[in-house]
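K.L.:
In this note's numbering, the protein residues as written are 15 to 291. We put the beta carbon where it would ideally sit given N, CA and C, even for glycine. Source: prediction; values computed, not measured. One structure, pasted below without further comment.
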């Protein structure tokens, strides 16, 4: 089911190169757009509140740059909590990324890492903190796609960032008051077919949330949500960019068999990517 998305973005002039190629269009219907635009503002507020941290609220480790991660051995990473964390832009990065030249740019090594999960149970009007039940395997990583900048400065991610990589992950959290068994809330955290566009400080669009069930199950019921982004920092020399996101979507309803168990889930987190220069 199509889900809405929103992004606040800024791009910096410096040394971003002209595009070399474009992708074919994959149309994704945008719904819940009003909610997406509200979340874009929420993402900016989250950034102002310090969501873009040097550490991870869930994994617990210290956030590292891409080069630092590449220099670590398996044994150094094992048990550190860093394997489930997105890299961060180094100290040479600049605040914001704006004034990119028109064209299409490849986004590589795109990563989304949740730092908090909140749940709104049926009958409640607020999102409340939850406890992660599954392991620290929620990070979406190594995704690739295309970011397009128009002559008017507007930006668009029309074809998603799921050409490659891991673009969804099964997650279960426990929330007080949840109608599910033991208060557990299962859902699929997703970045599939992300489709957003707009000005650099407010982008809205859609994404697809796949069924929580696998390919061996018959499930015609799609689940949607909304996501808001904020582009925070970049390094024009390396093409690295990072920011924060806020996603809202529905939890699993067990193939439509337990609609009364469905909760709305809000996911806050950080993202990272490398624009090809």
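#1: For the 8 angstroms Cβ check, are there 3 or more pairs between the region 90-97 and the region 135-144?
#2: Where does residue 142 fall in DSSP's three states?
#3: Give me the Cα-Cα distance between residue 144 and residue 152, rounded to the nearest whole angstrom.
#4: If you drop the 5 nearest sequence neighbours on each side, which residues of the same chain put their C-beta closer than 6 angstroms to that of residue 64?
#5: Within 10 angstroms of the Cβ of residue 251, are there 16 or more other Cβ atoms? Answer buried if so, exposed if not.
#6: Below 6 angstroms CB to CB, which residues in the same chain sit around residue 134 once its five sequence neighbours on both sides are set aside?
#7: Just to confirm my understanding: we take residue 222, look at its own chain, exclude 5 residues before and 5 after, and list those with CB closer than 6 angstroms. What are they?
#8: Given a threshold of 16 other Cβ atoms within 10 Å of its Cβ, counted over all protein chains shown, does residue 284 qualify as buried or as exposed?
#9: Which residue comes first and which comes last in the beta strand (DSSP E) that contains residue 154?
#10: Got a sec, what are the start and stop residues for the alpha helix (DSSP H) residue 81 sits in?
#11: For the candidate residues 220, 176, 77 and 167, whose alpha-carbon lies nearest to that of residue 121?
#12: Looking only at its own chain, which residues have a Cβ that is under 8 angstroms from the Cβ of residue 116, when we skip the five neighbours before and after it?
#13: Give the range of the alpha helix (DSSP H) segment to which residue 126 is assigned.
#14: Can you tell me whether residue 106 is buried or exposed, with buried defined as 16 or more other CB within 10 angstroms of its CB?
#15: Please confirm whether residue 180 and residue 289 have their CB atoms less than 7 angstroms apart.
#16: In this structure, does DSSP put residue 189 in helix, strand or coil?
#17: In whole angstroms, what separates the C-alpha of residue 28 from that of residue 257?
#18: What would DSSP say about residue 89, mapped onto helix, strand or coil?
#19: If you follow the beta strand (DSSP E) that residue 252 is in, where does it begin and where does it stop?
#20: Would you list the residues sitting across from residue 184 in a DSSP beta bridge?
#21: Check for me: the beta strand (DSSP E) holding residue 170 runs from which residue to which?
#22: For my contact list, residue 78 and residue 101 are in at a C-beta cut-off of 8 angstroms; report their separation, rounded to the angstrom.
#23: Helix, strand or coil for residue 44? Go by DSSP, reduced to three states.
P.N.:
Based on what the coordinates show:
#1: Counting Cβ pairs under 8 angstroms, fewer than three are found: no touch.
#2: Strand.
#3: The alpha-carbon atoms of residue 144 and residue 152 are separated by roughly 15 angstroms.
#4: At residue 64 the pLDDT is 44, less than 50, meaning the model places this residue with poor confidence and gives no usable figure here.
#5: Exposure of residue 251 is indicated by the presence of fewer than 16 other C-beta atoms within 10 angstroms of its C-beta.
#6: Closer than 6 angstroms at Cβ, skipping near neighbours: 141 and 278.
#7: Non-local beta-carbon contacts of residue 222 in its own chain, meaning distances under 6 angstroms to residues more than five positions away in sequence, involve 206 and 207 in chain order.
#8: The residue is buried, with at least 16 neighbouring Cβ atoms inside 10 Å.
#9: Residue 154: member of the beta strand (DSSP E) spanning 154-163, first to last residue.
#10: Start and end: 80-84.
#11: Closest option to residue 121, Cα to Cα, is 176.
#12: The residues are 163, 164 and 165.
#13: Taken as a continuous stretch (DSSP letters only), residue 126 belongs to no alpha helix (DSSP H), being part of the beta strand (DSSP E) at 117-134.
#14: Burial is judged here by how many other beta carbons sit within 10 angstroms of a residue's own beta carbon; residue 106 has fewer than 16 and is exposed.
#15: Taking a C-beta distance under 7 angstroms as the contact criterion, residue 180 and residue 289 do not qualify as a contact pair.
#16: Residue 189 falls in the coil class under three-state DSSP.
#17: With a pLDDT of only 28 at residue 28, under the threshold of 50, the placement of this residue in the model should not be trusted; the figure read from the coordinates follows. One C-alpha to the other measures close to 19 angstroms.
#18: In the three-state scheme derived from DSSP, where H, G and I count as helix and E and B as strand, residue 89 is classed as helix.
#19: Taken as a continuous stretch (DSSP letters only), residue 252 belongs to no beta strand (DSSP E), as it is neither H nor E.
#20: Under the DSSP definition of a beta bridge, residue 184 partners with 202.
#21: In the DSSP annotation of this structure, the continuous segment of the beta strand (DSSP E) that includes residue 170 starts and ends at 169-171.
#22: Here residue 78 really is in contact with residue 101; their C-beta atoms are around 6 angstroms apart, less than 8 angstroms.
#23: Note that residue 44 scores a pLDDT of 26, beneath 50, so its modelled location is shaky; the value from the coordinates is reported in the next line. Residue state for residue 44 is assigned as coil, using DSSP reduced to three classes.
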